[in-house]
Amino acid sequence: MSHSTAPPSAAAFSQRVRTSARQLAELGEDAISGLIDLTSLRLVRFATTLTRNQHDAEDAVQATLVKIAAQPGRLHQCTDPWAYLLRMVRNESLMILRRRPRWNLIGDLCDLLTRCRVDELEREESYRAIWKALRTLPTEQSEVVVLKIWEEMTFAGIAGVLEISPSTAASRYRYAIAKLNGQLREQIAPSSSEDLQHHV
Amino acid sequence: MFDPSPPNRNRHNSFYNEMNDLFGEDLREPHFTDEASHDGQDLEDLIRGAGHYVHPGDQLRARILESVNCRRERRHMWQRFFGGFALATTVVLALIIIGQIGLAVTPRGRTASDLQHQATRRANADGVAWEWALTEVVYDWRRSAAASLHCEPAHPPKVRTGESPTDGAER
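Protein sequences appear in the order of chains A and B. When we follow our numbering, the leftmost residue of the first sequence carries the number 1, and every step to the right adds one. When we follow our numbering, the leftmost residue of the second sequence carries the number 1001, and every step to the right adds one.
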């Protein structure tokens, strides 16, 4: 099953989270800033796909990291601290969703705080289209896509975070990709031709 | 944080292997042909690029640190409160216990009823009047109290010159 292991970058990130968790356990809550810098972007990104609102997502991330800071040894004792963090953020996001049901404005991305590099400005439209398309997916599918593509997790890892079977995670991923493929077909074609030109 | 590396086909191979493990023959269904998976790979690359489009707000870090500090201060305040309460309770309990022990250990003086009982016993034993027996008992008690305080026993009333010692008694 060597091909089912996480990619090197994902493993390296997971190792960095583990190191940060160890520092947190040794130094106490003063070391939380390192964990914030390391994980906040990814956690907010993941929580945003669940809550469909970045402000709620940031609240979920804040609640999670404050809880971690209150019990610094808790994260260090986990087998996989990064998966544990993702699971905590997911639980907090679901709790916020239960407390604050919102009207979903699927076509609206005004809650997002975006950043686009100068050399990627021409791709901003496609990025916005992707985020819109992700918001049209059911949460069960979009969270699998986020964990699979952005967090580069294996289906076994995703299954551990979401408490489902790996087959279910893979099925959800396939359905999600099929839907996104239909929605983003026009975005894919130009990017493929750009890649082709770049390689030529 | 941004991964500038070009789309990596090895990622796709590992993904295909993982899917093959999970689904086996189902992968040969029409909706998962090579063409579809090629589009899926392009789509994955596109989505991967959009991962860094959204970033957390500038205030998030400060908010988290402030919350952590507030929580720490609140915890310290409760610790101080409970520590002070526990200390005060301990001191009060210690004082009460010490007082009880002190009361138990300190010799109490003989009461009037003790003396009366002793006078009754002496009157019966010696065959004297009860009042006289009580006088003797009181006299003995005062002498023993003086002895315990390392004082000289109480002096008998001074006898004036020209008076016999029995004069006072007669009077």
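Just so you know, even glycine gets a beta-carbon here, dropped at the ideal spot from N, CA and C.
At what residues does the alpha helix (DSSP H) containing residue i begin and finish?
i: Thr1089 (chain B); result: Gln1059 to Val1105
i: Leu147 (chain A); result: Run containing Leu147 (chain A): none; DSSP gives neither H nor E here.
i: Gln15 (chain A); result: Pro8 to Leu27
i: Arg45 (chain A); result: Ile32 to Thr51
i: Glu58 (chain A); result: Gln54 to Ala70
i: Ala156 (chain A); result: Phe155 to Leu162
i: Pro1056 (chain B); result: Note, Pro1056 (chain B): premise wrong, no alpha helix (DSSP H); not H, not E.
i: Thr168 (chain A); result: Pro166 to Gln183
i: Thr1135 (chain B); result: Trp1130 to Ser1148
i: Arg1122 (chain B); result: Ala1112 to Asp1126
Confirm, please, whether the CB-CB distance from residue j to residue i is below 8 Å.
i: Ile36 (chain A); j: Leu65 (chain A); result: yes
i: Thr147 (chain A); j: Val161 (chain A); result: Position check: residue 147 (chain A) holds Leu in this sequence, whereas Thr was assumed. Cβ atoms of Leu147 (chain A) and Val161 (chain A): closer than 8 Å.
i: Ala60 (chain A); j: Thr49 (chain A); result: no
i: Ala133 (chain A); j: Leu97 (chain A); result: no
i: Phe155 (chain A); j: Ala176 (chain A); result: no
i: Leu1134 (chain B); j: Leu1115 (chain B); result: yes
i: Val17 (chain A); j: Leu85 (chain A); result: yes
i: Arg1110 (chain B); j: Trp1141 (chain B); result: yes
i: Asp56 (chain A); j: Arg115 (chain A); result: no
i: Arg1071 (chain B); j: Ala70 (chain A); result: yes
i: Asp15 (chain A); j: Arg1063 (chain B); result: For clarity, residue 15 (chain A) is Gln in the given sequence; the question names Asp instead. The answer is no: Cβ separation not under 8 Å.
i: Leu112 (chain A); j: Trp131 (chain A); result: yes
i: Glu58 (chain A); j: Leu1060 (chain B); result: yes
i: Ala10 (chain A); j: Glu152 (chain A); result: yes
i: Gln1118 (chain B); j: Val1137 (chain B); result: yes
Label residue i either buried or exposed according to how many other C-beta atoms from any shown protein chain fall within 10 Å of its C-beta, with 16 as the threshold for buried.
i: Phe13 (chain A); result: buried
i: Ser1164 (chain B); result: For Ser1164 (chain B), the pLDDT reaches just 49, beneath the cut-off of 50, and the residue's location in the model is therefore unreliable, leaving the point undetermined.
i: Asn53 (chain A); result: buried
i: Leu1043 (chain B); result: buried
i: Ser1144 (chain B); result: exposed
i: Ala1129 (chain B); result: exposed
i: Pro1107 (chain B); result: exposed
i: Gln77 (chain A); result: exposed
i: Val173 (chain A); result: According to the sequence as given, residue 173 (chain A) is Tyr; it is not Val. Tyr173 (chain A) should be labelled buried.
i: Trp150 (chain A); result: buried
i: Asn88 (chain A); result: According to the sequence displayed, residue 88 (chain A) carries Met and not Asn. That one is buried.
i: Asp1126 (chain B); result: exposed
i: Gly1102 (chain B); result: exposed
i: Glu26 (chain A); result: exposed
i: Leu105 (chain A); result: With a pLDDT of 49 at Leu105 (chain A), under the threshold of 50, the predicted position of this residue should be treated as unreliable, though the coordinate-derived value follows. The residue in question, Leu105 (chain A), is exposed, as its Cβ has fewer than 16 Cβ neighbours within 10 Å.
i: Ala1146 (chain B); result: exposed
i: Glu1035 (chain B); result: Only weak support is given to the placement of Glu1035 (chain B): the predicted model assigns it a pLDDT of 44, under 50, and the value that follows is read from those uncertain coordinates. Exposed.
i: Ala1112 (chain B); result: exposed
i: Gly1049 (chain B); result: buried
i: Ile1047 (chain B); result: buried
i: Pro8 (chain A); result: exposed
i: Ile1097 (chain B); result: exposed
- Meets three-Cβ-pair contact criterion under 8 Å: the segment 125–141 of chain A and the segment 1066–1079 of chain B: no
- Message: With a threshold of 8 Å, are at least 3 pairs of Cβ atoms found where one atom belongs to the segment 16–25 of chain A and the other to the segment 79–96 of chain A?
- Response: yes
- Message: Taking contact to mean 3 or more Cβ pairs, one atom from each stretch, closer than 8 Å, check whether the segment 1042–1058 of chain B and the segment 27–47 of chain A are in contact.
- Response: yes
- 4-residue-minimum alpha helix (DSSP H) runs that sit fully inside the segment 74–140 of chain A, ordered along the chain: 81–99 and 124–136
- Message: If contact is defined by three or more beta carbon pairs under 8 Å, each pair taking one atom from either stretch, is the segment 1070–1081 of chain B in contact with the segment 137–156 of chain A?
- Response: no
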